[in-house]
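Chains as they are written, first to last, in the numbering used here: chain R, 112 to 223; chain S, -16 to 94.
For each residue, glycine too, the CB sits at the ideal point set by N, CA and C.
All figures in this text were calculated on a predicted structure; none of them were measured in a lab.
Working notes for the structure below.
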Amino acid sequence: QKEVEQDPGPLSVPEGAIVSLNCTYSNSAFQYFMWYRQYSRKGPELLMYTYSSGNKEDGRFTAQVDKSSKYISLFIRDSQPSDSATYLCAMSAPGSARQLTFGSGTQLTVLP
Amino acid sequence: DTAVSQTPKYLVTQMGNDKSIKCEQNLGHDTMYWYKQDSKKFLKIMFSYNNKELIINETVPNRFSPKSPDKAHLNLHINSLELGDSAVYFCASSQSGREQFFGPGTRLTVL
Chain R
112 QKEVEQDPGP LSVPEGAIVS LNCTYSNSAF QYFMWYRQYS RKGPELLMYT
162 YSSGNKEDGR FTAQVDKSSK YISLFIRDSQ PSDSATYLCA MSAPGSARQL
212 TFGSGTQLTV LP
Chain S
-16 DTAVSQTPKY LVTQMGNDKS IKCEQNLGHD TMYWYKQDSK KFLKIMFSYN
34 NKELIINETV PNRFSPKSPD KAHLNLHINS LELGDSAVYF CASSQSGREQ
84 FFGPGTRLTV L
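Below, the structure written as structure tokens:
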């Protein structure tokens, strides 16, 4: 079993829809949780960074962390065609290096 | 003003050759990383350097050798390239292990 599980999709939604992306994990030591967006043939771009449990909102994006369930989510409101990309969850445990463990990514297409 | 840059962007080479990929960050970060992304988009850590010291060295063939001449640079040298080395290699940097910022990637194709 992988440390981080993420539904690879693909996921297609109409423009304006609310998108929910999720990851589950098994390592209870993870304390830092991130969502990256990766456009085709580009590097991952950091979208959201959260520490421990709770919610964080940034514009149309909301990240949720539920450490008791080992479950994290990214919500995208009023989705746009420009949101079409692969979304990667990543997490790390405390430590000097805090190496990231990534999910396999969910490919999202927002249809105009 | 590119934060994390990599060269080259594309690298096509024959099996058995030796090649290097360079990475530079101008963010003033103290930690740099190399990741490998396979054809299924799975990203996996290879190495990490903190203040020029190797702190992460995952199970990677010893044909791969990272080198950090200073805090702003982390290079990756690959000897005796194999077909299975074909992938996209990403450099990233962070300050003391916090948010990591990625470069644009180097797409390596071994023929």
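Residues of chain R whose Cβ lies closer than 8 Å to the Cβ of Glu82/S are, in chain order, Met145, Leu157, Tyr160. Burial check for Asp68/S: the Cβ neighbour count within 10 Å reaches 16 or more, so the residue is buried.
Cys74/S is the residue among Cys74/S, Gln(-3)/S, Val43/S, Phe47/S whose C-alpha sits nearest the C-alpha of Thr(-10)/S.
Using beta-carbon distances, Ser31/S counts as an interface residue toward chain R, with a partner under 8 Å.
Comparing alpha-carbon positions, the option among Ala140/R, Phe144/R, Gly120/R, Arg148/R lying closest to Ser193/R turns out to be Arg148/R. The C-beta distance from Gln218/R to Thr197/R rounds to 5 Å, short enough to fall under 8 Å. Within the region 184 to 207 of chain R, Thr197, Leu199, Ala201, Ser203, Pro205, Gly206, Ser207 place their CB atoms closer than 9 Å to a CB of chain S, listed in sequence order. Neighbours of Phe25/S across chain R, judged by C-beta separation under 8 Å: Phe213, Ser215, Gly216. Think of a sphere of 7 Å around the beta carbon of Lys153/R: the chain S residues whose beta carbon falls inside it are Pro87, in chain order.
Sequence-distant Cβ neighbours of Gln191/R in its own chain, meaning closer than 7 Å and more than five residues away, are Glu126, Val221. For Val71/S, the enclosing beta strand (DSSP E) stretches over residues 70 to 77. For Arg148/R, the pairing in a beta bridge is given by DSSP as Glu156/R, Tyr198/R.
Going by DSSP, Leu219/R is part of the beta strand (DSSP E) stretching over 217 to 222. By the Cβ rule, the region 160 to 168 of chain R does not count as touching the region 4 to 13 of chain S, because fewer than three pairs are nearer than 8 Å.
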